[in-house]
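This report concerns only the one structure given below.
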Amino acid sequence: MTATAAQPLLAAAFGLLGLLASPLTEVLIARSLPRLGGLPSPIVRITTAAVTGALFVLLTLRFGFSPTLPAYLLLAALAVQLSRLDVMHHLLPNPLVLALLAAGLGLLTMSAALAPDWSGLLRAAAGAVILFLGYLILGLISPGGIGMGDVKLAAPLGMYLGYLGWSHVFYGGLLGFVVGGVMTVLVLRLKRGIKPSEVAHGPAMFAAAIGVVLLLA
């Protein structure tokens, strides 16, 4: 079987892995962070599993069976869960953001060693610092629009984007605000009376970053 013919089967296998990884991740989060109220409702769990599985398929098609793939699968799994928590609780828990940063750095370091791509790892570190500082400045200027959770999240996202290239950092950071603005308008139209500051920005940051990862070569 050729590599091209095997790729859909590989993507399907990792999609199934995503379906299984999502509920397992939710159990781990519920046990380690009981203050968040335990497991979400069955409909939410089905939705998060479906989204995680779909992202695993798309990322497998994007990277193939490469040393880079595990890092971005981790990004997808935690992106779905952190987005869920941000929407439900307006909170991006520090332990999960730190896990995304630390575990992601470890997996990207492994990828850089196997590829090898040490320049990509240095660029990832620089991307983390640049996007973090950019969000920090905006957060200090407009604390009502950007929360400190969003500022902290910018570091791991900048790392993942930076590993792929400077254009990924630029477009991922920029589109985060564009997607966030569109989502805010939609939420305000659907839920009258809600304040713009109450709209979760984390999902927009993840959507922009993963979209750039998938679509920008």
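If you count the sequence shown from 1, position 208 lands on 208 in the UniProt record's numbering, and the numbers rise without skipping.
Every residue, glycine too, gets a C-beta built ideally from N, C-alpha and C.
These numbers come from a predicted model, not from an experiment.
Cβ neighbour criterion (16 or more within 10 Å) applied to residue i
i      : result
Ala13  : exposed
Leu38  : The sequence as given places Gly at residue 38; Leu does not occur at that position. Gly38 comes out exposed.
Phe65  : exposed
Lys152 : buried
Gly144 : exposed
Val185 : exposed
Pro34  : exposed
Pro40  : buried
Ile29  : buried
Leu73  : buried
CA-to-CA distance, residue j to residue i, given in whole angstroms
i      : j      : result
Asp117 : Ser111 : 8 Å
Val51  : Val80  : 7 Å
Leu92  : Leu36  : 11 Å
Ala11  : Ala54  : 10 Å
Leu100 : Pro156 : 6 Å
Tyr171 : Ile137 : 18 Å
Met1   : Leu9   : Below a pLDDT of 50, predicted positions are generally treated as unreliable, and Met1, at 42, falls in that range; the measurement from the model is reported next regardless. Cα to Cα, Met1 sits roughly 11 Å from Leu9.
Leu122 : Glu26  : 32 Å
Met88  : Leu216 : 30 Å
Ala154 : Thr47  : 25 Å
Ser119 : Lys191 : 46 Å
Pro70  : Asn94  : 22 Å
Val187 : Asp86  : 14 Å
Ser142 : Ala6   : 49 Å
Gly211 : Leu24  : 25 Å
Arg45  : Leu140 : 35 Å
Pro42  : Arg31  : 17 Å
Ala209 : Phe63  : 15 Å
Leu133 : Ser167 : 17 Å
Cutoff 6 Å; reference residue i; Cβ partners in own chain excluding five residues on either side
i      : result
Leu61  : Ala11
Leu19  : Ala49 and Gly53
Gly15  : Gly53, Phe56 and Val57
Phe206 : Ala79 and Ser83
His201 : Asp150 and Gly180
Ser22  : Thr48, Ala49 and Thr52
Residue i vs residue j beta-carbon contact at 8 Å
i      : j      : result
Leu78  : Leu96  : yes
Gly104 : Leu58  : no
Tyr135 : Asp150 : yes
Val213 : Leu164 : yes
Gly127 : Gly147 : no
Gly162 : Ala124 : yes
Beta-carbon contacts of residue i that lie in its chain and below 7 Å, excluding the five residues immediately before and after
i      : result
Ala204 : Gly176, Val179, Gly180 and Met183
Pro67  : Met110, Ser111, Leu114 and Ala115
Val169 : Gly127, Ile130, Leu131, Gly158, Leu161 and Gly162
Beta carbon proximity, residue i to chain E, threshold 8 Å
i     : result
Met88 : No chain E is present in this structure, which holds just one protein chain.
Requested in this report: List in chain order: all unbroken alpha helix (DSSP H) runs of 4+ residues lying wholly within the stretch 164–207.
Outcome: Within the stretch 164–207, complete alpha helix (DSSP H) segments of at least 4 residues are found at 166–190, given in chain order.
> If you scan the stretch 66–95 from start to end, which runs of the alpha helix (DSSP H) of 4 or more residues do you find wholly inside it?
Replying inline: Along the length of the stretch 66–95, whole alpha helix (DSSP H) runs at least 4 residues long occupy 69–89, reported in chain order.
*At what residue ranges does the stretch 90–142 contain a whole run of the beta strand (DSSP E), taking only runs of 3 or more?*
Fully enclosed beta strand (DSSP E) runs of 3 or longer: not present.
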